[in-house]
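A.B. asks: Chains U and C are the protein sequences, given in the same order. All residue numbers for the first sequence refer to numbering that gives the first Met the number 0, where the first residue is 0 and numbers rise by one. All residue numbers for the second sequence refer to numbering that gives the first Met the number 0, where the first residue is 0 and numbers rise by one. Using N, Cα and C, we set each Cβ at its ideal position, and we do this for glycine too. Pasting a structure below so you can have a look.
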Amino acid sequence: MAEPAVTQDEKKEEEEQKVVDEGIEVGISRLTEARIEQVINQVLNTETGARLKTYVNTCIHCGLCSEACHYYMSHDKDPKWSPVGKVKQTLWEMIRKKGRVSPDFMRRAVEIAQTECNLCRRCLQFCPFGIDIAYLISMVRRICHKLGITPLYIQDTAHSHSVTMNQMWVKGDEWPDTLQWQEEEARGEFPTLRIPLEKEGADIMYSVIAPEPKFQAQLIYQAAAIMEVAGVDWTMPADMGWDNSDMAMFTGDNEIMGRVKRTHFELAARLRVKRIVMGECGHAFRSVYDTGNRWLGWSHPPIPIVHAIDFYWELLKDNRIPIKEKYPEPVTLHDPCNVIRGGGLMEKARYVAHALCETVVEMHPNREYNYCCCAGGGVINCGPPYKLKRVKSNRVKAEQLMDAKARGAKVIISPCHNCHSGLKDIKNYYDLHMDIKFFGDIIYQIMEKPE
Amino acid sequence: MHDLYQFVSGPLAWVAFILFVGGSLYRMIAMLVEVKKKEPFIFTYMSLKYSLRSIVHWMTPFATYNWRRKPVLTVVTFAFHICLFVSPIFLLAHVTLWDESWDISWWTLPDGVADVMTLIVIAGCVFFLLRRLTQPEVQFVTFPSDYFILAIVAAPFVTGFLAYHQWFGYPMVMVLHVLAGEVMLVAIPFTRLSHMIYSPFTRAYMGSEFGVIRKSKDF
């Protein structure tokens with residue numbers, strides 16, 4: 000599905016097109032200064048506390064977070080893209096003016112918070128004081144959400160979560176239909192394969208993000224194949240809550256986030272499974288493991304959450320997936336922020352990569368210091384209007400990939416959906432000619448299958 | 000002049016120390032009370048082990064990724080902060096004052112060493128000033144208050160240096176030195192110099208979040 004290479008002129012032309020986001024514009028047109036002031040002060044005075052105040056008072060304006068940010072690095076170190084620069088242009092100004100900012104100010108604020116920061120938390124590791132800049136930007140998103148000026152595309156997915164409890168408007172019957180369809184397909188290759196629906200007491204509930212049934216059903220096929228070959232006692236739910244994804248978390252719509260996560264955990268509790276294993280997705284992991292569960296008051300997930308990397312690590316370590324031969328092409332491994340910096344799976348990801356592939360070429364920097372893909376944090380979900388900015392804002396990732404390619408890597412492994420899509424756009428824009436795969440793609444390709 | 004000196008080093012010094020200690024305690028306690036009231040979950044995640052892991056790494060030169068990336072700044076900021084703390088506390092002239100007033104004393108620095116440390120603090124202030132003026136990423140987030148707090152920190156050391164060498168107007172410089180020191184003490188709890196009070200807490204929380212939940216490094 001490679002897109003044609005774009006010439007320099009075409010690129011420039013695209014750049015000059017001004018982004019008009021209907022979600023933002025319509026929202027802005029309804030705003031009054033009084034309303035803005037009221038909402039900002041409501042969020043700052045009642046929803047936040049000592050944490051936000053202390054972060055703002057402790058920041059010494061040293062700029063040491065700047066070089067953590069791929070936006071800043073990709074825009075020739077223009078300070079308006081630095082983490083603290085973005086806080087200055089949004090939250091500091093709101094606090095300084097006690098909420099008395101204009102609708103035009105809010106237009107720029109929402110653009111910064113939703114499309115110029117991935118909440119990747121790399122700058123948290125760079126700040127000498129440990130100021131949670133991602134939290135500060137999240138609060139700007141929260142204010143924008145309450146003002147109704149969230150970008151159109153991501154607001155639509157939040158609406159979908161609200162109505163269907165999944166991200167992609169997948170209807171009640173489409174979901175089990177898709178699973179049944181994939182089961183049938185897979186039985187051609189694995190005659191005894193089942194996708195067990197609603198099996199109470201299974202060891203594992205397998206959950207995915209809604210784009211999988213919507214347009215990547217082969218990933219469900221592959222997961223079923225791996226479960227079959229490894230002999231896992233698993234189930235998939237038939238009811239709402241099967242989707243572990245969460246764009247409401249990224250629009251600042253905490254109430255919807257809470258509803259979606261509660262449904263997910265209650266579903267697993269109803270099925271009395273021991274653990275929830277999730278597909279290769281980063282933001283969903285953040286939502287069920289870090290953010291959503293805590294918003295609901297569970298200090299840790301009430302039912303253990305196992306990311307696909309962790310699960311494959313278990314299976315490979317116990318020799319439960321027989322491998323024909325290792326994947327021959329040299330690969331490079333992308334470290335998704337939400338499961339590496341946010342979940343500590345860096346060494347397990349490497350174990351899996353080395354167990355599956357002949358040659359693994361490291362990108363630099365790597366592990367928890369890796370650069371973000373620039374798609375996460377809901378940025379790619381703000382849709383096509385922002386695609387060009389997104390790829391241009393991650394030239395450093397392209398350089399990282401180019402360097403890995405120069406040292407022989409032909410394939411990028413990206414164990415996260417958002418990273419997968421984001422890196423695909425980057426490789427196309429910068430003409431990198433590399434393939435991108437999930438771990439699941441590679442496992443499916445090289446494992447022993449019945450004759 | 001003598002009366003003025005008596006005033007700044009007597010009653011005003013009391014006021015300064017009370018505001019410094021009282022203000023710092025107030026800021027710290029007010030923060031903890033508000034956390035308890037509005038965000039008590041923060042205490043749930045605090046871990047002594049990971050708090051210390053984080054604090055120790057950031058208090059050790061070159062022990063963190065960002066310190067290693069910025070060797071010059073790292074050397075300057077560590078030298079600056081160490082001298083900023085050590086030289087006033089262990090200066091012979093200061094300890095003599097404690098001794099005279101309260102009959103307590105402790106180990107002191109040789110005067111030559113204290114003199115060099117004072118120069119390091121002043122040089123550090125110049126470095127930070129130049130950084131603010133020349134580095135775009137710092138300039139962009141610089142406010143007049145940033146220059147102001149830098150001046151507050153530099154003043155006691157510049158006047159102290161002049162007073163020690165008695166180059167001109169000793170009595171007046173001495174009064175200014177005492178005043179500058181008092182202004183700095185009072186400024187600590189009430190300006191962004193409060194990072195001295197808050198940073199152990201912000202560091203500890205971030206260290207705990209990264210250690211307990213994210214299982215990765217925050218340094």
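Would you mind giving the Cβ-Cβ distance between U/L146 and U/L63, rounded to the nearest angstrom? I have them listed as a contact below 8 Å.
C.D. replies: Not a contact, Cβ separation roughly 32 Å.
A.B. asks: Could you give the C-beta distance for U/A201 and U/L266, rounded to a whole number, given that I count them as a contact under 8 Å?
C.D. replies: Not confirmed; about 13 Å, so no contact.
A.B. asks: Please work out which residues of its chain come closer than 7 Å, Cβ to Cβ, to U/G376, disregarding the five sequence neighbours upstream and downstream, and give them in chain order.
C.D. replies: Once the five neighbours on either side are set aside, the close Cβ partners of U/G376 are C116, N117, L118, C119 and F249.
A.B. asks: For C/K216, collect the residues of the same chain with a Cβ closer than 6 Å to its Cβ; drop the 5 residues on either side in sequence, then sort them by chain order.
C.D. replies: Excluding sequence neighbours, C/K216 sits near nothing in its chain.
A.B. asks: Can you pull the chain C residues whose beta carbon is under 7 Å from the beta carbon of U/E254, in chain order?
C.D. replies: Within 7 Å Cβ-Cβ: nothing; U/E254 doesn't reach chain C, min ~18 Å.
A.B. asks: Indicate the three-state DSSP secondary structure (helix, strand or coil) for U/M277 in the structure shown.
C.D. replies: Strand, per DSSP.
A.B. asks: Relative to the C-alpha of U/I23, which residue among U/T234, U/D75, U/M105 and U/I35 is closest?
C.D. replies: Of U/T234, U/D75, U/M105 and U/I35, the residue nearest in Cα terms is U/M105.
A.B. asks: For the beta strand (DSSP E) holding U/Y205, just list the boundary residues, first then last.
C.D. replies: Residues I203 to S206.
A.B. asks: Pick from C/L192, C/L24 and C/T59: whose alpha carbon is nearest that of C/S144?
C.D. replies: Comparing Cα positions, the closest option is C/L192.
A.B. asks: Return the chain-ordered ranges of every beta strand (DSSP E) run that is complete within the stretch 87–139 of chain U and spans a minimum of 3 residues.
C.D. replies: Listed in chain order, there is nothing to give.
A.B. asks: Can U/A247 and U/V259 be called in contact, C-beta distance under 9 Å?
C.D. replies: Yes. Within cutoff.
A.B. asks: What residues are listed by DSSP as bridge partners for U/T234?
C.D. replies: Answer is U/M204, bridged to U/T234.
A.B. asks: For U/I379, which option in U/T114, U/V42 and U/R99 has the closest C-alpha, if you only look at C-alpha atoms?
C.D. replies: Comparing Cα positions, the closest option is U/T114.
A.B. asks: Of the residues U/M164, U/K404 and U/I225, which one's Cα is nearest the Cα of U/W241?
C.D. replies: Looking at the Cα atoms, U/M164 is the closest of the given residues.
A.B. asks: Using a Cβ distance threshold of 8 Å, determine whether the stretch 40–53 of chain U contacts the stretch 174–187 of chain C, with at least three qualifying pairs required.
C.D. replies: No, the stretch 40–53 of chain U is not in contact with the stretch 174–187 of chain C.
A.B. asks: Just mark C/P70 as buried or exposed, buried being the case when its beta carbon has 16 or more other beta carbons within 10 Å.
C.D. replies: Exposed, by the Cβ-count rule.
A.B. asks: Between which residues of its own chain and U/I130 is the CB-CB distance below 7 Å, once the five residues before and five after are set aside?
C.D. replies: The residues are Y54, T57 and C58.
A.B. asks: Only counting runs of 4 or more residues, tell me where the alpha helix (DSSP H) segments fall wholly within the stretch 148–196 of chain U, in order along the chain.
C.D. replies: Within the stretch 148–196 of chain U, the complete alpha helix (DSSP H) runs of at least 4 residues are 151–163 and 173–186.
A.B. asks: Give the interface partners of C/R67 over in chain A, defined as CB-CB distance under 7 Å, in chain order.
C.D. replies: Chain labels in this structure do not include chain A; the protein chains are U and C.
A.B. asks: Applying a beta-carbon distance threshold of less than 7 Å, which residues of chain C neighbour U/L123?
C.D. replies: Near U/L123 (Cβ distances below 7 Å), the residues of chain C are M205 and D217.
A.B. asks: Look up C/T141 in the DSSP assignment and say whether it is helix, strand or coil.
C.D. replies: Coil.
A.B. asks: Nearest by alpha-carbon distance to U/E227: which of U/V207, U/F264, U/E188 and U/H263 is it?
C.D. replies: Checked all of U/V207, U/F264, U/E188 and U/H263; the closest Cα to U/E227 is U/E188.
A.B. asks: Hey, how far is the Cα of C/I212 from the Cα of U/L218?
C.D. replies: Each residue's Cα considered, the two are about 28 Å apart.
A.B. asks: If you measure between the beta carbons of C/A78 and C/C124, is that distance less than 9 Å?
C.D. replies: No.
A.B. asks: C/Y146 and C/L128 - do their beta-carbons sit closer together than 9 Å?
C.D. replies: Closer than 9 Å, so yes.
A.B. asks: From the DSSP output, in three-state form, read off U/L387 for me.
C.D. replies: Reduced to three states, the DSSP call for U/L387 is helix.
A.B. asks: Beta-carbon of C/M171 versus every beta-carbon of chain U: anything under 9 Å?
C.D. replies: Closer than 9 Å: no.
A.B. asks: Taking C-beta to C-beta, are U/Q150 and U/C381 nearer than 9 Å?
C.D. replies: The sequence as given places Pro at residue 150 of chain U; Gln does not occur at that position. Their beta carbons are under 9 Å apart, which means U/P150 touches U/C381 by this criterion.
A.B. asks: What beta strand (DSSP E) runs, 3 residues minimum, are completely inside the stretch 313–372 of chain U?
C.D. replies: Segments of the beta strand (DSSP E) lying fully in the stretch 313–372 of chain U: 330–332.
A.B. asks: Alpha carbon to alpha carbon, what distance is there between U/N427 and U/E2?
C.D. replies: Note that U/E2 scores 45 on pLDDT, short of 50, meaning its location in the model is unreliable; the coordinates nonetheless yield the value given after this. About 6 Å.
A.B. asks: Less than 9 Å between CB atoms is the rule here; does C/F139 satisfy it with respect to chain U?
C.D. replies: Judged by the 9 Å Cβ criterion, C/F139 is in contact with chain U.
A.B. asks: Which residue or residues does DSSP assign as beta-bridge partners of U/I308?
C.D. replies: In DSSP, U/I308 forms no bridge with anything.
A.B. asks: I need the boundaries of the alpha helix (DSSP H) containing C/I41, first residue and last residue.
C.D. replies: Element bounds for C/I41: F40 to Y44.
A.B. asks: Taking the alpha carbon of C/I119 as the point to measure from, which residue in C/T141, C/W105, C/H80 and C/P135 has its own alpha carbon closest?
C.D. replies: Answer by Cα proximity: C/H80.
A.B. asks: State the start and end residues of the unbroken beta strand (DSSP E) segment that holds C/V211.
C.D. replies: Segment: none, C/V211 is in no beta strand (DSSP E) and carries neither H nor E.
A.B. asks: With 9 Å as the threshold, decide whether the Cβ of U/P303 is near any Cβ in chain C.
C.D. replies: Chain C contact via Cβ: absent.
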